[in-house]
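Structure first, then comments.
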Amino acid sequence: MNSVVKLTALEQLEMLRSGSITSVELTQAHLDRIAEVDGVVHAFLHVNADGALATAAEVDRLRASGATLPALAGLPIAVKDNLTTIDEPTTAGSKILEGWVPPYDSTVVSKLRAEMMPILGKTNLDEFAMGSTTQFSAYGPTANPWSTDRIPGGSGGGSAAAVGAFMAPLAIGSDTGGSIRYPAAMTGTVGTKPTYGAVSRYGLIALGSSLDQIGPVARNVQDAALLHDVIAGHDERDSTSLPEDLGSMVSAATGGSLAGVKVGVIKELTGEGFQAGVSARFNESLELFKAAGAEIVEVSCPSFQYAIAAYYLILPAEASSNLAKFDSVRFGMRVTPEGNPTIERVMAATREAGFGPEVKRRIILGTYALSSGYYDDYYGSAQKVRTLIQRDFDAAFAKADVLVSPTAPTTAFKLGEKIEDPLAMYLNDIATIPANLAGIPGMSLPNGLADEDGLPSSIQLLAPAREEKRLYSVGSVLEKAHENVWGKRMIDFAPEVKAGA
Amino acid sequence: MSEITPEVVRHLAGLARIDVTDAEVDRFTEQLGLIVDSAATLKAAVAGDVPATSHPIPMKNVYREDVVLESLSQEAALSGSADSESGRFRVAAILDEE
Amino acid sequence: MAKAELMNYEQALEKFEVVIGLEVHVELNTKTKMFCGCRNDFGDEPNTNVCPVCLGLPGALPVVNKRAVESAIKIGLAIGCDIAPNGRFARKNYFYPDLAKNFQTSQFDEPIAFEGGVEVEVPSGNTYKIDIERAHMEEDAGKLTHVGGNTGRIQGAEFSLVDYNRAGVPLIEIVTKPVYGAGAEAPELAAAYVRYIREVVKALDVSEARMERGNVRCDANVSLRLHGAEKLGTRTETKNVNSLRSIERAVRYEIQRQAHILANGGTIIQETRHWHEDKGTTSAGRPKSDADDYRYFPEPDLVPVAPSKELVEELRASLPEDPATRRKRLQEAWGFSDLEFRDVVNAGLMDPIEETVAAGASPQAARKWWSGEIARQANAEGKDVSELNVTAAQVAELAALVEAGKINDRIGREVLSAVMNGEGNPGEIVSAKGLEVVSDDGALMAAIDEALAKQPDVLEKIREGKVQAAGAVIGAVMQAMKGQADAGRVRELIIERAGQ
Ligand SMILES: [Mg+2]
Ligand SMILES: [Zn+2]
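And the structure:
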């Protein structure tokens, strides 16, 4: 391995700017790393070496000619495979889209191209981002770089593992109920879910339209901020895109003091139900906040007890409608049964063959939640719970500037566990779902290793809508405090990737 | 107390245009039953007049000017289709519903 | 299928009360589609006015066309509706290959306009108040072509082809409340109402409003109940009725069909029925059932449509006169009798006559040609006059030729049919065919003398004061001149002769 891949994105950028490495060299180093470990990790569904190297060469040429380049020009990146890319397949981890090359780029991918970032390839995810382990990918699971027989979290396990295993310095994720933050927690990386509408969803294959949000995946807070600033901003192609500029995350991620900052601990998301080692590290971090000058207050969000139930009605309902377009007519798989079937039969056979069990389960559940006679009891009630949860957050943010909790109740569990038990599986997102329901921004940070298993534990920071800058300023302070305590970065504890026992 | 029966699951699968095997029907009936039961607690939670939230960040009146933007070429439009003919998407005959 | 048995219309009305309800879809004439920037022009090469949004490709998102919203508000105001201060779009979920996303983005419980009403006059001169329940915005579907089998028809087709150029074209759906008490005039009322809506959207310039092109489409709900009965009868919804004439025929047909079934102890199935212009019948389509569970929910990819009071009032102020006022104004300007004017309206001739008068013809002349020769032709072909191959300018030119005495009415009719045959403009045709009236007295005198030679006693009779005797000669002369003579002039010349 060329050790350059172990550097932070910012360090790699400095080398590019100073000319001590070319973008082609840097991109090749990551392609080599992919060749070295992705056979085991399986973070990528598709690697676009030629495309990435072509962009890299263009950047090197322009840099040599003295042209002024975008800030992140030449820095390679990986993209979750539920964002459309005009030059490589986009499958959303589903058989029904196998080999589909979209005729358009998602807005975020257009921004990466404008920034001249070589796109290494598309990363693995649970089919249509439905899942929290990446085991529901139709193309096989992704392994956790820390322990390859364990889940990397999901749905964005591919992006988190790619960054965590040094196959990419940065990656794009999407977060509907925790799909950026939960994998970050499982892989000792950093992931941010911005405020709903802060990043354009145009070209993101929709799961839960009122919950989905694209965000950065990185190995530290500063790097996440670099990418966040590139992808955020208004887009007239997305009616729910925020019109206002939420400011520079990079300028917020500067560490420093937390004097006068109130950090609220969410009572309902601590203690019972959380793995001992996770709670221990969490409490240590509260001490670090105090040491940095912050005041710790306890806040209560009683409605969170309904969050998962509400989420698993709203999300399937919206998904059942969003996924109706996968019907074999205009794109994607077509299965034609024996005899000369009608189009109705072709659609039903295609969807049976093309969708995996979790997708079918949620489509049918969502169809139920919306069907006449049940709407008010289910979808309707769930939308009201959303209001209650927003009120809980409003009350909590009246007392605190940021809220904190562990990102996940446990560390990474073994591949194959809980796979036939949806309810148990759904609990993985207990701490991340409320932010999606309320539309507020959240960040997951590495929080040390749990004593029981030596696997990454994590802490989640939450801020009021449009206040993601708080996540970066408070997050960067905690990160520095951790590095002072540990003497190195969390990612440096990661063992070298090897096939699981 | 779950209303989810195999018949319900089959009806829903029909509405969702998904063929389901008997095995799937049994599995989904059980699993959906559990989820729906847990969802039943919501009704009580929102008794009283709580407004529904369908957009997490409320906005209104987001419009496009009535100006023509670039469309796809016919070739690009048809590029992903399993079958096309004379510039159109080709599909199996439609059940007689007119 | 076997032709349904019908009850005699008068009998049907003696026995049953007719209740109708009308859903009119108006296609807006915006430059672009409802939710994307593709051209609102589906006559083009198939699948060339499409994009990820209207093709329903994964990841695409809709953005509402501002002009479509303003048009919807104008229509709502023009039919007396209130405008919702906070309306929303909703998804209507059902699978059909012409529906790119397999849901139609429409409006459900929060339409942009609601609770309106219009006064509609039928041929008898009676007027009826039609209550409007709502007008909402939605998108059109793509176009299916069924290939194989008895081609063009869905039954027995081997496969179908889909063109999404029309997918996403903005539609306004206007829904009436049930209309009672029109009795025997229910079919005329249905047609008159749709004509009224057409006049409204044309005056607003928000739609081309050409029924034959599907710019205005009507679904007619018809149900019967015994006179005095409380409960509404089961209704059928007749679709794809695309001319005013067929609306009238279709409603009448359903009344007679349902009456026969009910009178014979049968029951009406709630279903959509399809109008067959050719046979003049309706046939059963899909029965409406619980399977039609559209699972409506608020469109999460769009935000509420919340027009400000200011915008609504601004649009209200911009409204043109309503059809009733316009009719009053035109009748006075043209000086038509009530009967004349009603015939004009019911024949759908107001617009062409207005254009013809604007092109310089006298109102009476314009009326004479449009409600005479042209209307007759339209009826013969079962078409709308707008579909015939003749323009207001051509009719005005024709009227001018007659006015100037260059041709007479009989020749005029001949010229007009030539125009409708696409042989050119009236002037060209007259000169090409040498139809101009002979005004050369020399030629006329020659013909007159020839005729007088055959009837020598005529001059004597005239001298004795029996002027009408000239008639015999006039007839002969006109014949000799193949009609291309001004009878008045011929008469004068004969009398001159008698005076010599
Ligand atoms: Mg409709
Ligand atoms: Zn389009």
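Chains as they are written, first to last, in this note's numbering: chain A, 1 to 501; chain B, 502 to 599; chain C, 600 to 1099.
Note that beta-carbon positions come from the ideal geometry of N, C-alpha and C, so glycine has one too.
Keep in mind that this is a model prediction, so the values were computed, not measured.
May I ask whether a heavy atom of ligand 4 can be found less than 7 angstroms away from the beta carbon of residue i?
i, result
"Glu14 of chain A", "Absence of ligand 4 from the depicted structure is noted, with ligand 1 and ligand 2 being the only ligands included."
On the DSSP letters alone, give me the boundaries of the beta strand (DSSP E) that residue i sits inside.
i, result
"Thr342 of chain A", "Segment: none, Thr342 of chain A is in no beta strand (DSSP E) and carries neither H nor E."
"Gln460 of chain A", "Pro456 to Leu462"
"Trp1136 of chain C", "An answer regarding residue 1136 of chain C cannot be provided, because it is not within the stretch 600 to 1099 covered by chain C."
"His873 of chain C", "Glu870 to His875"
"Lys728 of chain C", "Thr726 to Glu738"
"Met949 of chain C", "Not the beta strand (DSSP E): Met949 of chain C falls in the alpha helix (DSSP H), residues Met949 to Ala957."
"Met443 of chain A", "Gly442 to Leu449"
"Leu246 of chain A", "It is not in any beta strand (DSSP E) - Leu246 of chain A carries neither H nor E in the DSSP assignment."
"Lys193 of chain A", "Val190 to Lys193"
Residues of chain B with CB under 9 angstroms from residue i, in chain order?
i, result
"Tyr312 of chain A", "Ile536, Ser539 and Ala540"
For the alpha helix (DSSP H) that residue i lies in, which residues bound it at each end?
i, result
"His234 of chain A", "His234 of chain A -> no alpha helix (DSSP H), and no H or E assigned at all."
"His482 of chain A", "Glu468 to Trp486"
"Val385 of chain A", "Ser381 to Lys399"
"Ser539 of chain B", "Asp523 to Ala546"
"Val163 of chain A", "Gly157 to Gly164"
Short check: CB of residue i to CB of residue j, under 8 angstroms?
i, j, result
"Ile519 of chain B", "Leu365 of chain A", "no"
"Ile1073 of chain C", "Ile1094 of chain C", "no"
"Thr503 of chain A", "Lys122 of chain A", "With chain A represented from 1 up to 501, any question about residue 503 of chain A goes unanswered, as that position is not in the structure."
"Ser381 of chain A", "Lys561 of chain B", "no"
"Ile952 of chain C", "Val800 of chain C", "no"
"Val41 of chain A", "Ala143 of chain A", "yes"
"Leu656 of chain C", "Cys817 of chain C", "no"
"Phe758 of chain C", "Arg591 of chain B", "yes"
"Leu125 of chain A", "Gly154 of chain A", "yes"
"Leu825 of chain C", "Arg237 of chain A", "no"
"Ile214 of chain A", "Lys111 of chain A", "no"
"Thr542 of chain B", "Gln383 of chain A", "no"
I need the DSSP call for residue i, collapsed to helix, strand or coil.
i, result
"Asn283 of chain A", "helix"
"Pro409 of chain A", "coil"
"Glu598 of chain B", "Any reading at Glu598 of chain B needs caution, since the residue's pLDDT is 49, under 50, leaving its predicted position unreliable; the model's value is listed next. It is coil, neither helix nor strand."
"Met502 of chain B", "Residue placement at Met502 of chain B is flagged as unreliable, the pLDDT there being 40, under the threshold of 50; the coordinate-derived value follows with that caveat. Here Met502 of chain B sits in coil by DSSP."
"Asn428 of chain A", "helix"
"Asn839 of chain C", "strand"
"Arg816 of chain C", "strand"
"Asn144 of chain A", "strand"
"Phe694 of chain C", "coil"
"His624 of chain C", "strand"
"Ala501 of chain A", "Confidence in Ala501 of chain A is poor, its pLDDT being 40 and thus under 50, which makes the residue's placement too unreliable to answer from."
"Gln703 of chain C", "strand"
So with CB distances below 8 angstroms, who are the chain B contacts of residue i?
i, result
"Leu654 of chain C", "Leu573 and Ala578"
"Phe694 of chain C", "Arg518"
In chain A, what lies closer than 7 angstroms to residue i by C-beta?
i, result
"Thr506 of chain B", "Simply none; closest approach about 12 angstroms."
"Asn701 of chain C", "Ala324, Lys325 and Asp327"
Given that residue i touches chain B, what residues does it touch there, using C-beta distances under 7 angstroms?
i, result
"Phe758 of chain C", "Arg591, Val592, Ala593 and Ala594"
"Glu644 of chain C", "Gln575 and Gly588"
Which residues in chain C have a C-beta closer than 7 angstroms to the C-beta of residue i? List them in chain order.
i, result
"Ala203 of chain A", "In the sequence as presented, Ala is not what sits at residue 203 of chain A; that position holds Gly. Going along chain C in sequence order, the residues near Gly203 of chain A (Cβ under 7 angstroms) are Gly658."
Run through chain C and tell me which residues come within less than 9 angstroms of residue i, C-beta to C-beta.
i, result
"Arg511 of chain B", "Those within 9 angstroms of Arg511 of chain B in chain C number zero; the least Cβ separation is about 13 angstroms."
Which bits of chain A does residue i rub up against, with CB to CB less than 8 angstroms?
i, result
"Glu525 of chain B", "Pro357 and Lys360"
* To do: Would you be able to state if there are at least three C-beta pairs under 8 angstroms between the stretch 148 to 159 of chain A and the stretch 16 to 33 of chain A?
  => no
* **Any 3 or more C-beta pairs closer than 8 angstroms across the stretch 127 to 139 of chain A and the stretch 391 to 399 of chain A** => no
* Taking three-plus beta-carbon pairs below 8 angstroms as touching, is the stretch 258 to 269 of chain A in contact with the stretch 401 to 410 of chain A? -> yes
* Check whether the stretch 270 to 278 of chain A touches the stretch 405 to 414 of chain A, counting contact only when three or more Cβ pairs, one atom from each stretch, lie closer than 8 angstroms. => yes
* Asked: Using 8 angstroms as the threshold, is the stretch 1028 to 1045 of chain C in touch with the stretch 1078 to 1086 of chain C, meaning 3 or more CB pairs across them?
  -> yes
* To do: Say whether the stretch 416 to 425 of chain A touches the stretch 277 to 295 of chain A, bearing in mind that this needs 3 or more beta-carbon pairs closer than 8 angstroms, one atom from each stretch.
  => no
* Asked: Between the stretch 909 to 919 of chain C and the stretch 665 to 679 of chain C, do at least 3 Cβ pairs fall closer than 8 angstroms?
  -> yes
* Specify whether the stretch 864 to 882 of chain C and the stretch 346 to 365 of chain A touch according to this definition: at least 3 beta carbon pairs, one from each stretch, less than 8 angstroms apart. => no
* Answer yes if the stretch 172 to 186 of chain A comes into contact with the stretch 75 to 94 of chain A, meaning at least three C-beta pairs across the two stretches below 8 angstroms, and no otherwise. => yes
* Asked: When the Cβ atoms of the stretch 681 to 694 of chain C are set against those of the stretch 704 to 719 of chain C, are three or more pairs found closer than 8 angstroms?
  -> yes
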